[in-house]
Amino acid sequence: MRVAFVGAGPITVGAADILIRRRVDVVIIEKDKERIEALAEMLDCGFIHGDGSKPAMLREVGPQHTDVLCCLTDNDQSNILASLVGRSLGFSRIITQIEDAEFEHVCLELGLTDLIIPHRQAAQALADLACGALPEDFANFFKNGARLFSFAVREEEIGAVADLSLPKRCMAICIYRYDKMMLPAKDFQLELGDEVVLLAHESSLRELRDHWMGAPTETESD
26 MRVAFVGAGP ITVGAADILI RRRVDVVIIE KDKERIEALA EMLDCGFIHG
76 DGSKPAMLRE VGPQHTDVLC CLTDNDQSNI LASLVGRSLG FSRIITQIED
126 AEFEHVCLEL GLTDLIIPHR QAAQALADLA CGALPEDFAN FFKNGARLFS
176 FAVREEEIGA VADLSLPKRC MAICIYRYDK MMLPAKDFQL ELGDEVVLLA
226 HESSLRELRD HWMGAPTETE SD
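Numbering (my numbering), first residue to last: 26 to 247.
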């Protein structure tokens, strides 16, 4: 697999580092030569010095041999332009970063549907984590009101996963126990502390949060 980045900001560097460790071929196009020299000591990948919105620069990357083009500069207009040029050159998949959400509708009208809006996605992830749901980057794989929710098994929930008191339109899809991920059948036995991941309709989230995130019930005193 080969991934190309336009712009060498923090998101590019972080994503490139992960991809390189996954043995993905990475190339970064960056205007700032000093930035390239600094990153060359950190990242084992290819670098191209130049303007990533220019057709000549993107041709040098090799559209026919690149799986994903990520346009992640700090300028929305440059990212949109680079994405459109990349599409015209034949890149099979293009990811476009925009900081100003007002450009979202424009991007969608232009057919740029793989969008990164950092502040919105960070806010959504924080809100989801605070409310017990998994981050939105997971939930984006689901449509039409489908959401993910997770909770830790308490003493009263030890037993068969089928015996969990779940609302309608909700089901357990995986269990994490220590460093293992397991797919539960109906007779799967839950243990104390297991992390249960549920696939649920968004209409069930309030009931799930009330049940697993509400105030703990008081125990009777002796």
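Glycine included, every Cβ here is placed at the ideal spot set by N, Cα and C.
ask   = With DSSP run on the structure shown, which of helix, strand or coil describes residue 156?
value = Mapped onto the sequence shown, residue 156 falls at position 131. When secondary structure is reduced to three states using DSSP, residue 156 falls in the coil class, being assigned neither helix nor strand.
query = How many angstroms separate the CA atom of residue 45 from the CA atom of residue 149?
reply = Locating residue 45 in the sequence shown gives position 20, where the first residue counts as 1. Locating residue 149 in the sequence shown gives position 124, where the first residue counts as 1. Cα to Cα, the separation comes out at about 27 Å.
ask   = By Cβ distance, which residues of its chain are closer than 7 Å to residue 101, with the 5 residues on each side in sequence left out?
value = As a position in the sequence shown, residue 101 is number 76, starting the count at 1. The residues 123, 124, 125 and 128, in chain order, have a CB closer than 7 Å to that of residue 101 in the same chain once the five nearest residues on each side in sequence are set aside.
request  = Can you give me the Cβ contacts of residue 34 inside the same chain, cut-off strictly under 8 Å, excluding the 5 residues immediately before and after it?
outcome  = The count along the sequence shown starts at 1 and reaches residue 34 at position 9. If we look at residue 34 and ignore the five residues flanking it on each side, its Cβ neighbours are 97, 98 and 99.
query = Would the beta-carbon of residue 51 fall within 7 Å of that of residue 28?
reply = As a working mapping, residue 51 is identified with position 26 in the sequence shown. As a working mapping, residue 28 is identified with position 3 in the sequence shown. Cβ atoms of residue 51 and residue 28: closer than 7 Å.
message = For residue 242 and residue 236, I'd like the C-alpha separation in whole angstroms.
response = For this step, residue 242 is matched to residue 217 along the sequence shown. For this step, residue 236 is matched to residue 211 along the sequence shown. With a pLDDT of 35 at residue 242, under the threshold of 50, the predicted position of this residue should be treated as unreliable, and no value is reported.
key: Buried or exposed by the 16-neighbour rule on C-beta atoms within 10 Å, applied to residue 54   = Looking up residue 54 in the sequence shown gives position 29. Residue 54 comes out buried.
key: Sequence ranges, alpha helix (DSSP H) only - wholly within the stretch 67–102, length at least 4   = 80–86, all fully within the stretch 67–102.
request  = Pull up the DSSP beta-bridge partners for residue 226, would you.
outcome  = To locate residue 226, count along the sequence shown from 1; it is residue 201. According to DSSP, residue 226 bridges with 171.
request  = Would you kindly report the start and end of the unbroken beta strand (DSSP E) that includes residue 52?
outcome  = As a first step, residue 52 is located in the sequence shown; it is residue number 27 there, counting from the start. Looking at the DSSP string, the run of the beta strand (DSSP E) that includes residue 52 is 50–55.
task = Mind the definition here: the stretch 110–123 touches the stretch 76–86 only if three or more C-beta pairs lie below 8 Å; say whether that holds.
result = Yes, they touch.
key: Beta-carbon separation (whole angstroms), residue 31 vs residue 95, contact threshold 8 Å   = Taking the first residue of the sequence shown as 1, we reach residue 31 at position 6. Taking the first residue of the sequence shown as 1, we reach residue 95 at position 70. Confirmed, Cβ separation roughly 7 Å.
ask   = Which value, in whole angstroms, describes the spacing of the CA atoms of residue 43 and residue 69?
value = Walking along the sequence shown from the start, residue 43 turns up at place 18. Walking along the sequence shown from the start, residue 69 turns up at place 44. Rounded to whole angstroms, the gap between the alpha carbons of residue 43 and residue 69 is 11 Å.
Test item: CB-CB of residue 225 and residue 179 under 7 Å = Residue mapping note: residue 225 aligns to position 200 of the sequence shown, counting from 1. Residue mapping note: residue 179 aligns to position 154 of the sequence shown, counting from 1. In this structure, residue 225 lies away from residue 179, with their beta-carbon atoms at least 7 Å apart.
Nearest neighbour of residue 213, chosen from 109, 151, 182 and 170 [CA to CA] = Numbered from 1 along the sequence shown, position 188 holds the residue referred to as residue 213. Measuring from the Cα of residue 213, the nearest candidate turns out to be 182.
message = Which of the three DSSP states is assigned to residue 58 in this structure?
response = As a position in the sequence shown, residue 58 is number 33, starting the count at 1. DSSP, read as helix, strand or coil, puts residue 58 in helix.
key: 7 Å Cβ cutoff met for residue 121 and residue 103   = To locate residue 121, count along the sequence shown from 1; it is residue 96. To locate residue 103, count along the sequence shown from 1; it is residue 78. The answer is no: Cβ separation not under 7 Å.
task = Could you check the C-alpha separation between residue 245 and residue 217 for me, to the nearest Å?
result = Translated into positions along the sequence shown, residue 245 becomes position 220. Translated into positions along the sequence shown, residue 217 becomes position 192. Reliability fails at residue 245, whose pLDDT of 36 lies under 50, so the model's placement of it is uncertain and the value that follows must be treated cautiously. Pairing residue 245 with residue 217, the inter-Cα distance amounts to about 22 Å.
request  = Could you tell me if residue 198 is buried or exposed, where buried requires 16 or more neighbouring beta carbons within 10 angstroms of its beta carbon?
outcome  = Reading the sequence shown from its first residue, position 173 is the one you call residue 198. Residue 198 should be labelled exposed.
query = By DSSP, does residue 220 sit in helix, in strand, or in coil?
reply = Position 195 of the sequence shown, counted from the start, is the residue given in the question as residue 220. DSSP places residue 220 in strand when its eight states are reduced to three.
query = What is the DSSP secondary structure of residue 136, reduced to helix, strand or coil?
reply = One-based indexing of the sequence shown puts residue 136 at position 111. Annotated three-state conformation of residue 136 is coil, per DSSP.
ask   = Between the C-alpha atoms of residue 156 and residue 65, what's the straight-line distance to the nearest angstrom?
value = As a first step, residue 156 is located in the sequence shown; it is residue number 131 there, counting from the start. As a first step, residue 65 is located in the sequence shown; it is residue number 40 there, counting from the start. Rounded to whole angstroms, residue 156 to residue 65 spans 40 Å at the Cα level.
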